[in-house]
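Taken in order, the sequence shown gives residues -27 to -1, 1 to 616; the numbers are from mature numbering (1 follows the signal peptide of the UniProt record, and there is no 0).
In what follows, a single structure is set out as structure tokens and then discussed.
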Amino acid sequence: MLKLSRRHFSAGSAVAVLALMAPAAFAAEVADVIYAGGPIHTMDDANPLVEAVAVKAGRIIAAGDAAEVMKLKGETTQTVDLAGRTMLPGFVDPHGHVTMGGLQAVTANLLPPPDGPNGDIAQIQQTLKDWAAANADTVKQVKLIMGFGYDESQLKEQRPPNRQELDAVSSEYPVVIVHQSGHIAVFNSKALDLVGYSAATPNPEGGVIRREPGSEQPNGVLEEVAWLTTIPKVLGNIGPTGMQALARAGVDLWASYGYTTAQEGRAVPGLAEVLKAVAAEGGLKIDVVSYVDVLVDRDYILKNHSRDYVGRYRNGGAKLTIDGSPQGFTAWRDRPYYDPVGDYPPGYAGYAAATPKDVLDAVAWAYANNLQIITHSNGEAASDLLITAIREAQKAHGRLPTRPVLIHGQFQREDQADSFVELGVFPSLFPMHTFYWGDWHRDHTVGPANGDNISPTGWYVTRGAMFSTHTDAPVAFPDTMRVLSATVTRRTRSGDILGPMQRVPVETALKAMTIWPAYQHFEEADKGSIAVGKLADLVILTDDPTAIDPMMLDQIKVAETIKEGRTVYTAPPEKLKKADAGRGMGNPFSDFLVRLAAERDVRNMPEGRRTPLMRKLMAGAPHNGGCVSGVIADMTRAMLGQG
């Protein structure tokens, strides 16, 4: 049972003793760097708040009173004055998709106010032109100008741009802009030529090529399958070499939010090899752990899984996906959705993305091979199946110390929380849902009563169990302070508080981002707290999360990220002075992936319901979404030339 104990919260009393004795024990040593001058929250219950930290050769050699730690200062020691800023252990990403997050580096932000300037079509054109000029080398390399996040409902014209208006941006390169819903894109003439669309092209099943008035000529606006099936051609120029660049860019993005460990949460073997290649070249600034899809290539998982990093990369085990998106109405529930937006039959409760046989077999295989398996399960019915699979595997193979992980678990019953704790399943929850989609859940997916219990962090606290909190980036920015804010306040976009009984104290929320996900990854001996002997994975924040008004937590900025004693990110001064783009709406690429994933899930429904469902989701659910892992895998294959 994953109960909280001193062993789980910290490295234990022995570490506390070492921390207090550190100056004496390491009297012969000289620190490489000493940090002092601000609050240092260690996430170590035995030594929770210290004045200074000393680092040598990438590891912590002392944490305690400044006067004592300073005894380790020598002629070569660098001293860093925190100047009132706050230090924490580096954040550990319990679930995300770091490589695809790097694609944001080659896309323009087309969000409307307040998260972008794009309130009319002319401004969209200008934003694209400015972006292309500022990123001329990138445009030349990928032969594409791409933007995410436009929303005609927020444009003065109350319509999307058309191909001629995008031709005005560039007639040399394809221009593709993606609606904030992800279900629609607009192509310029060059892009239409690239994918072979003309007046003679019929609408594909499940999609629409919008036409110019009185003509069959495409006007540039493509709906659903009509646009989604073009992704391999649109992204085909990126290739494996470009994917390596995306991996580096993703790692940089994660580091900018204070992560010192990132996750590739549903890899295919080709992507895992890309990450391995980048690692071999020394291209990963922070650690990356990947989980390969268990329904794709089990032999690869068996041959490559490891607890040890090589060049900051390792394969941690297997990923299983049972269902889809809660906000996209494709999570598999045990009851009907509350008020689903779309042409759904009476009693519609979602559906499974994997067969019960596949789920039972995958979990049993993981146990038989002593492997960690992390499982995407959002709806109650999906979690029922996961619980059954784990019970059966434990009956057959015993209760192995593999730390199986529940990923997301948005809609749980309280008895399921009991079962997960009983079975030793580690819950990695997604409380950012309360901000980004909380209003949607309250009004449409589960209703007000059940909406209070999405991402039920409070249930696990009352059961004395650990949990982690993730961003599922690039579903949303890997914004650690948004995670912290959502976990503590559960404030929605509209300002409602969704499930006040599920809120947790700041200190608990911080553990769910540091020491507990380190435990989830079997890395609690090296990461997750500031304690003697651990890696010097650290983050410096502009403010103290434990002292600030909780409603201001999302305004805290990451000032510096330190990996094994080396600074890997320093915030530019201008970033520390303004709110980050996307903190109100999420980033446009994330929204594209979320909605595209929902459409992918709907395509897996019985044939008779596909097209009306897709159209309703596109037209009537501007904030809906889906599990991105499957569509990320599809896009990855396209960029690797495999699909």
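Every residue gets a Cβ at the ideal spot worked out from N, C-alpha and C, and that includes glycine.
Keep in mind the model is a prediction, meaning the values are calculated, not measured.
Integer-rounded CB distance, given that residue j should sit under 8 Å from residue i
i	j	result
PRO177	ALA199	5 Å
GLU353	ARG306	5 Å
GLY47	VAL3	3 Å
ARG464	PHE408	6 Å
VAL224	LEU257	6 Å
SER356	PRO67	At roughly 18 Å, the Cβ-Cβ gap does not stay under 8 Å, so SER356 and PRO67 are not in contact.
SER318	GLN345	Checking the displayed sequence, the identity of residue 318 turns out to be Pro instead of Ser. So it is not a contact: roughly 38 Å between Cβ atoms.
ALA25	ILE34	With a Cβ gap of about 11 Å, ALA25 and ILE34 do not count as contacting.
LEU396	GLN367	7 Å
SER263	ALA228	Rounded, the Cβ-Cβ distance is 17 Å, inconsistent with contact.
PRO309	TYR321	6 Å
ASN343	LEU373	6 Å
THR234	ILE211	Incorrect: roughly 26 Å between the Cβ atoms, too far for contact.
Residue from the options whose Cα sits closest to the Cα of residue i
i	options	result
GLY180	PRO134, VAL194, ALA228	VAL194
PRO490	GLU537, GLU533, LEU208, PHE403	PHE403
GLY92	LEU128, GLN98, VAL112	LEU128
LYS330	GLY382, TYR170, SER144, GLU365	GLU365
GLN475	HIS443, ALA449, GLU387	GLU387
ALA81	SER401, THR100, PRO447, ASP88	THR100
LYS163	MET486, VAL148, GLU537	VAL148
ASP17	ALA36, GLU246, ARG32, ALA9	ALA36
VAL23	ASP281, VAL168, ALA40, ALA30	ALA40
ILE360	HIS370, ASN343, ASP391, TRP338	ASP391
SER458	LEU248, ILE529, TYR123	ILE529
GLY382	VAL394, SER401, HIS370	SER401
HIS278	PRO242, GLU254, TRP432	PRO242
GLU138	PHE121, ALA95, PRO175, GLY11	ALA95
MET73	TRP410, ASP281, LEU226	LEU226
PHE64	PRO546, THR609, TYR492, ARG136	TYR492
GLY290	PRO191, VAL267, VAL541, GLY69	VAL267
ASP270	ALA339, LYS116, GLU480, ALA56	ALA339
ASP469	ILE513, PRO518, HIS414, THR375	HIS414
GLY122	VAL115, LYS113, PRO133, LYS116	PRO133
LEU483	LEU471, ALA509, MET439	MET439
ASP140	ASP124, PRO175, GLN98	GLN98
ARG466	ALA449, TRP410, ALA446	TRP410
ASP516	HIS70, ALA56, PRO213	ALA56
Span of the alpha helix (DSSP H) around residue i
i	result
VAL479	479 to 484
GLU41	39 to 42
ARG221	212 to 229
TYR433	430 to 435
THR460	453 to 462
GLN98	94 to 107
THR444	THR444 -> no alpha helix (DSSP H), and no H or E assigned at all.
MET73	71 to 74
ALA322	Premise fails: ALA322 is in no alpha helix (DSSP H) and is neither H nor E.
TYR340	329 to 341
LEU549	546 to 549
LYS206	204 to 208
Delimiting residues of the beta strand (DSSP E) encompassing residue i
i	result
ASP260	260 to 266
ILE347	346 to 350
GLN127	Careful: GLN127 lies outside any beta strand (DSSP E) and carries neither H nor E.
ASP54	51 to 54
TYR8	6 to 14
VAL28	22 to 29
LEU511	511 to 514
VAL142	Taken as a continuous stretch (DSSP letters only), VAL142 belongs to no beta strand (DSSP E), as it is neither H nor E.
LYS292	286 to 294
TYR492	No beta strand (DSSP E) contains TYR492, which is instead part of the alpha helix (DSSP H) from 488 to 493.
ILE150	148 to 152
TYR232	232 to 240
Residue-level contact to chain E via CB, residue i, 8 Å cutoff
i	result
GLY255	Looking for chain E here will not work: only one protein chain is present.
For the structure I just gave you, are there three or more beta carbon pairs, one from the region 514 to 524 and one from the region 491 to 501, closer than 8 Å? no
Between the region 296 to 308 and the region 100 to 117, can you find at least three pairs of beta-carbon atoms closer than 8 Å? no
Which runs of the beta strand (DSSP E) fall wholly inside the region 360 to 428 and span at least 3 residues, in chain order? 378 to 381, 399 to 402
Okay, do the region 499 to 518 and the region 53 to 64 touch, 3+ Cβ pairs below 8 Å being the bar? yes
Within 8 Å, do at least three Cβ pairs link the region 467 to 487 to the region 425 to 437? yes
Contiguous alpha helix (DSSP H) assignments of at least 4 residues, all confined to the region 154 to 200: 162 to 168
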